[in-house]
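Chains A, B and C supply the protein sequences, listed in that same order. Using this note's numbering, the first residue of the first sequence is number 4, and each one after it goes up by one. Using this note's numbering, the first residue of the second sequence is number 13, and each one after it goes up by one. Using this note's numbering, the first residue of the third sequence is number 636, and each one after it goes up by one.
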Amino acid sequence: MTLTTTLIVSAFLWGIGVYGALSQQSFVMLMMGLEMMINGALLAGAAIWHFSGAGNPEGQLLIIIGMAVMAIEMAVGFAVVINVYRVRQADVTESIEDLKR
Amino acid sequence: MPDVTFINPILSSIAVFVLLGFGAYVAAVINRVLTPAPRGARLAAVLLAPIRQGFLLLKEQLNCTERPDMMLWSVAPAAYATVAACAFTVVPVDSHLAIADVRTGIVLFGAAEALAIVALFLHGWSPNSHLPLIGGYRFVALGLSYELLSMFVLIAAALPAESLQVSQIVSSQAKIWNVVRQPLGLPLWIVVTLGITFTGPLNLADGSDLAAGTAMEISGRHLLLWKIARNIMLTVFCAMGASIFLGGWHGPLLAGWAWILIKTLALMVLVSWIGKRLARLPAERAVLYLWTIGLPISFLHLLQAGIEALV
Amino acid sequence: MNTLWTDIAFWFFSLGAIWFGWRVFRTDSMVRASFALLASFLNAAAVMILLLAEYLGVALFFMMAVEMTVMALFMVGFMMNPAGLNPMMMVHQHALSILFGVVGGAVLAAVAVFGDFPLREMGPAVGQIDQLGTELLGNSMLIFETAGIALLATMLGAIILSSRSNRFDTRSDDGSMPPPLDPNDPDSVPDIEQEEDQAGHSHHHH
Numbered sequence: 004m005t006l007t008t009t010l011i012v013s014a015f016l017w018g019i020g021v022y023g024a025l026s027q028q029s030f031v032m033l034m035m036g037l038e039m040m041i042n043g044a045l046l047a048g049a050a051i052w053h054f055s056g057a058g059n060p061e062g063q064l065l066i067i068i069g070m071a072v073m074a075i076e077m078a079v080g081f082a083v084v085i086n087v088y089r090v091r092q093a094d095v096t097e098s099i100e101d102l103k104r
Numbered sequence: 013m014p015d016v017t018f019i020n021p022i023l024s025s026i027a028v029f030v031l032l033g034f035g036a037y038v039a040a041v042i043n044r045v046l047t048p049a050p051r052g053a054r055l056a057a058v059l060l061a062p063i064r065q066g067f068l069l070l071k072e073q074l075n076c077t078e079r080p081d082m083m084l085w086s087v088a089p090a091a092y093a094t095v096a097a098c099a100f101t102v103v104p105v106d107s108h109l110a111i112a113d114v115r116t117g118i119v120l121f122g123a124a125e126a127l128a129i130v131a132l133f134l135h136g137w138s139p140n141s142h143l144p145l146i147g148g149y150r151f152v153a154l155g156l157s158y159e160l161l162s163m164f165v166l167i168a169a170a171l172p173a174e175s176l177q178v179s180q181i182v183s184s185q186a187k188i189w190n191v192v193r194q195p196l197g198l199p200l201w202i203v204v205t206l207g208i209t210f211t212g213p214l215n216l217a218d219g220s221d222l223a224a225g226t227a228m229e230i231s232g233r234h235l236l237l238w239k240i241a242r243n244i245m246l247t248v249f250c251a252m253g254a255s256i257f258l259g260g261w262h263g264p265l266l267a268g269w270a271w272i273l274i275k276t277l278a279l280m281v282l283v284s285w286i287g288k289r290l291a292r293l294p295a296e297r298a299v300l301y302l303w304t305i306g307l308p309i310s311f312l313h314l315l316q317a318g319i320e321a322l323v
Numbered sequence: 636m637n638t639l640w641t642d643i644a645f646w647f648f649s650l651g652a653i654w655f656g657w658r659v660f661r662t663d664s665m666v667r668a669s670f671a672l673l674a675s676f677l678n679a680a681a682v683m684i685l686l687l688a689e690y691l692g693v694a695l696f697f698m699m700a701v702e703m704t705v706m707a708l709f710m711v712g713f714m715m716n717p718a719g720l721n722p723m724m725m726v727h728q729h730a731l732s733i734l735f736g737v738v739g740g741a742v743l744a745a746v747a748v749f750g751d752f753p754l755r756e757m758g759p760a761v762g763q764i765d766q767l768g769t770e771l772l773g774n775s776m777l778i779f780e781t782a783g784i785a786l787l788a789t790m791l792g793a794i795i796l797s798s799r800s801n802r803f804d805t806r807s808d809d810g811s812m813p814p815p816l817d818p819n820d821p822d823s824v825p826d827i828e829q830e831e832d833q834a835g836h837s838h839h840h841h
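The following block contains the structure:
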């Protein structure tokens, strides 16, 4: 368990999250991709805090703010998904293509 | 602040199994004692009845529905019991001794509750049947309320101890128990216990209006494991309540573990009795009461505990 | 600390997190997808506990359990195949996204391997939660309070965005129509019943 291996693991998690966020048609699966990305970022943050941060509590604070960001993104994201469904009957990204050429 | 103590993992697992198995058995006996019986209950019959019923259930035929999510369905009762066991490891079982007395014991306990909600939702979802699904959804709607209530109660209990470690919280009650200096705590904790173990007035997951809800489609050893898991959760929550409100191992004359046992038993009897006395609340009303009355009371409780700890 | 057990646990949990993360986008059942994401998060939180960020790991257990349950509820509400009874893969720009995922992950992994991070010894693990609490409510009180207000704004925004009653004393579903029965034929919208509201008017949907 070195810094390099932990950062590689978090890079993998982030990569899977990017794949999910870019490829999924459904809104909810897209948000799951976003969550995976933040998961990778939090793990990287914890790794750097442990190995390079000398246990500085501000590192943990950054991760707590990351968790708050995750919660906020999910809450408002789902509210927007509900609203989009009400207005457009759209539950996949293909249905809201108005700005596409 | 003393550092955490860790016991051998294999011994710990065996200890958890034994203690929780005993606790589940005692919970079943209490349930039987408190249930009105037509000709009264003799002691030997009451003590042997849970074991008899257990063996009968083991031999019973397993039920199956059409296209259930078999993996999640089998995992759900085990998951529920496992998170209860994980929560149990932070509870002290003897003077200054818990199986895994981690520094964030309170948060781990709350996390185990949250995962119990997940396990119950899975148990309602997996049989691919509508009444268990309704039971699971009703429980999730309320489970978030219990989670919030229990969070505030646990944080308030941690305030006088200035630590998230459960053994520290018990140590801080050496002079006066938390049930006395934080009077709203134990009633709220009993509400949370009734909710998470879905007994009595808050039995919305397995209520008889849903024909036993999430437990409707299960039988045989699956049902046995589900019942045991419920009793284990009751034991764990009552043990935690005894530790953070009733002073844990503190008490004259007897050893620490004896007092913990007595207090846990008292809380189990109390919770089971309340569960049998009160009628089941309808789901909407339960949510209404918990969010409009229960949450403000827990805020007040936290405020009072904070002021009391500062002064 | 026994380093061998730490390494074994680290690899077990890391590989578990990655495998469950992959399963999220491969499984047909949507409920399994949400809980596979939960499992991935739990494994990542276990790695954080191994990294001695104890409070963060346990708080992640807590938060992710509830978040993923909510996500499962939304899955069941919004996706057509929540139980995975039929095979389903709804993807667009699949090759491009795989490329992005792989390249992005590789770039970050290259930063991890070739980057020059200073290695500092971490202090004793005892008293860390005290330090975190003192930091949160001491030096970084402004950040903490701002996060609190942001969460409050989120709660209000989410309720306002998704509430059923609209601003102008109408229902937010007004004028909304169900999707057509035949996806290629926009006129095959099913008739819905006329709804009476309190004033006795009925909204006529075409």
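The beta carbon of each residue, even a glycine, is placed where N, CA and C say it ideally should be. All values derive from a computational prediction rather than experimental measurement.
Using 8 angstroms as the limit for Cβ to Cβ distance, is residue i near chain A?
{"i": "S823 (chain C)", "result": "no"}
{"i": "T662 (chain C)", "result": "no"}
{"i": "I784 (chain C)", "result": "no"}
{"i": "S800 (chain C)", "result": "no"}
{"i": "D642 (chain C)", "result": "yes"}
{"i": "G656 (chain C)", "result": "yes"}
{"i": "L677 (chain C)", "result": "no"}
Determine the direct distance from the alpha carbon of residue j to that of residue i, and round the result to whole angstroms.
{"i": "F749 (chain C)", "j": "I778 (chain C)", "result": "33 angstroms"}
{"i": "V114 (chain B)", "j": "I66 (chain A)", "result": "21 angstroms"}
{"i": "F660 (chain C)", "j": "A668 (chain C)", "result": "7 angstroms"}
{"i": "A217 (chain B)", "j": "E72 (chain B)", "result": "23 angstroms"}
{"i": "V103 (chain B)", "j": "I309 (chain B)", "result": "25 angstroms"}
{"i": "L771 (chain C)", "j": "G792 (chain C)", "result": "26 angstroms"}
{"i": "L143 (chain B)", "j": "A760 (chain C)", "result": "48 angstroms"}
{"i": "V726 (chain C)", "j": "I733 (chain C)", "result": "11 angstroms"}
{"i": "P134 (chain B)", "j": "M77 (chain A)", "result": "It is Leu, not Pro, that sits at residue 134 (chain B) in the sequence shown. So the alpha carbons of these two residues sit roughly 21 angstroms apart."}
{"i": "Q833 (chain C)", "j": "R799 (chain C)", "result": "For Q833 (chain C), the pLDDT reaches just 46, beneath the cut-off of 50, and the residue's location in the model is therefore unreliable, although a value from the coordinates is still provided. Rounded to whole angstroms, Q833 (chain C) to R799 (chain C) spans 15 angstroms at the Cα level."}
{"i": "E174 (chain B)", "j": "V742 (chain C)", "result": "44 angstroms"}
{"i": "P139 (chain B)", "j": "A227 (chain B)", "result": "10 angstroms"}
{"i": "A321 (chain B)", "j": "G36 (chain A)", "result": "44 angstroms"}
{"i": "H729 (chain C)", "j": "I41 (chain A)", "result": "21 angstroms"}
{"i": "I815 (chain C)", "j": "V824 (chain C)", "result": "At residue 815 (chain C) the sequence reads Pro, which differs from the Ile that was named. Cα to Cα, the separation comes out at about 4 angstroms."}
Using 10 angstroms around the beta-carbon of residue i, count the other beta-carbons present and answer buried if the total reaches 16, otherwise exposed.
{"i": "P21 (chain B)", "result": "exposed"}
{"i": "T3 (chain B)", "result": "The first residue shown for chain B is 13 and the last is 323, placing residue 3 (chain B) beyond what the model contains."}
{"i": "K275 (chain B)", "result": "buried"}
{"i": "K103 (chain A)", "result": "exposed"}
{"i": "T47 (chain B)", "result": "exposed"}
{"i": "P722 (chain C)", "result": "exposed"}
{"i": "D817 (chain C)", "result": "exposed"}
{"i": "S837 (chain C)", "result": "In this predicted model, S837 (chain C) has a pLDDT of only 44, less than 50, meaning its place in the structure is not dependable; the value taken from the coordinates is given anyway. With fewer than 16 other Cβ atoms within 10 Å, it is exposed."}
{"i": "A40 (chain B)", "result": "buried"}
From what residue to what residue does the alpha helix (DSSP H) around residue i run?
{"i": "V742 (chain C)", "result": "H729 to F749"}
{"i": "V705 (chain C)", "result": "E689 to F713"}
{"i": "C250 (chain B)", "result": "G232 to I256"}
{"i": "L673 (chain C)", "result": "M665 to L685"}
{"i": "P308 (chain B)", "result": "L307 to L322"}
{"i": "L46 (chain A)", "result": "F30 to F54"}
{"i": "D765 (chain C)", "result": "Q763 to L772"}
{"i": "L198 (chain B)", "result": "G197 to I208"}
{"i": "F752 (chain C)", "result": "It is not in any alpha helix (DSSP H) - F752 (chain C) carries neither H nor E in the DSSP assignment."}
{"i": "A93 (chain B)", "result": "M82 to F100"}
What are the boundary residues of the beta strand (DSSP E) that includes residue i?
{"i": "V105 (chain B)", "result": "P104 to D106"}
Examine chain B for any beta-carbon lying closer than 8 angstroms to the beta-carbon of residue i, and answer yes or no.
{"i": "F696 (chain C)", "result": "yes"}
{"i": "H839 (chain C)", "result": "Low local confidence applies: a pLDDT of 45 at H839 (chain C) is under 50, so the model's placement there is unreliable, with the coordinate-based value given in what follows. Not one chain B Cβ lies under 8 angstroms of H839 (chain C)."}
Would a check of beta-carbon distances place residue i closer than 8 angstroms to chain C?
{"i": "G58 (chain A)", "result": "yes"}
{"i": "N140 (chain B)", "result": "yes"}
{"i": "G136 (chain B)", "result": "no"}
{"i": "F210 (chain B)", "result": "no"}
{"i": "A99 (chain B)", "result": "no"}
Who are the neighbours of residue i on chain D, taking C-beta pairs under 8 angstroms?
{"i": "P753 (chain C)", "result": "Included in the structure are the protein chains A, B and C, with no chain D among them."}
- Item | Sufficient close CB pairs (3 or more, under 8 angstroms) joining the segment 303-318 of chain B to the segment 228-235 of chain B | no
- Task: Determine contact between the segment 162-175 of chain B and the segment 193-207 of chain B, defined as no fewer than three beta-carbon pairs at a distance below 8 angstroms.
- Result: yes
- Item | Stretch-stretch touch, CB-based, cutoff 8 angstroms, three pairs: the segment 13-29 of chain A with the segment 77-92 of chain A | no
- Decide if the segment 118-125 of chain B is in contact with the segment 687-705 of chain C; the criterion is three or more beta carbon pairs, one per stretch, under 8 angstroms apart. yes
- Message: Three or more C-beta pairs under 8 angstroms: does that hold for the segment 235-255 of chain B against the segment 61-80 of chain B?
- Response: yes
- Item | the segment 21-30 of chain A / the segment 52-60 of chain A touching (three or more Cβ pairs under 8 angstroms) | no
- For the segment 750-757 of chain C and the segment 188-195 of chain B, state whether three or more C-beta atom pairs, one from each stretch, are separated by less than 8 angstroms. no
- With contact counted as at least three CB pairs below 8 angstroms, one residue from each stretch, are the segment 269-285 of chain B and the segment 128-146 of chain B in contact? no
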